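Numbering (the working numbering), first residue to last: 705 to 859.
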């Protein structure tokens, strides 16, 4: 078993769907690095998990803490700390859960909606600048790959 230039061992993935055995590793590295560069370029004021929670709440609120923790793949104590920071910043609203008096439903405040819109706008602009560096053929290849990439992120 050998190790490739991308840090994968050739026989460990069990994946053989391409003429490029390093495709999964190369794609993982490229997507991860692009995501980090976009975050850095946009000078995000919030840590990644807090930003992700805002995005989840914008798309699926109201949610209980336990559901947010499940969706973000963190423990409830970790989510509690994240929510405390977002609450302190005025980005959340907690309302009593009508189905369970011991629980609260979490929504974004107006400030929270503004914050996630601002973050998304900055990140989209950062990606647009990077896309501008590509030639027409490379942009067309990315556009053609979008349906496959979108399918990869489906749950």
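Glycine is no exception: its CB is placed at the ideal position from the N, C-alpha and C atoms. In this text, all values refer to a predicted model and were calculated from it rather than measured experimentally.
Please list, in chain order, all residues of the same chain as residue 821 whose beta carbon is under 8 Å from its beta carbon, the five residues on each side excluded.
none
Taking only three categories from DSSP, how would you classify residue 752?
DSSP places residue 752 within a helical segment (H, G or I) once states are collapsed to three.
Helix, strand or coil for residue 848? Go by DSSP, reduced to three states.
Per DSSP, reduced to three states, the secondary structure at residue 848 is helical.
Residue 735, buried or exposed, once every other Cβ within 10 Å from all chains shown has been counted against 16:
exposed
Can we say the segment 737-748 touches the segment 776-783, given the rule of at least three CB pairs closer than 8 Å?
In short, these stretches do not touch, since the Cβ pair count stays below three.
Is the segment 795-803 touching the segment 834-845 in the sense that three or more CB pairs, one from each, lie closer than 8 Å?
no
Residue 804 bridges to which residues according to DSSP?
801
Tell me whether residue 733 sits in a helix, a strand or coil according to DSSP, three-state version.
helix
Can you name, in chain order, every residue of its own chain whose Cβ lies under 7 Å from the Cβ of residue 743, other than the five neighbours on each side?
752
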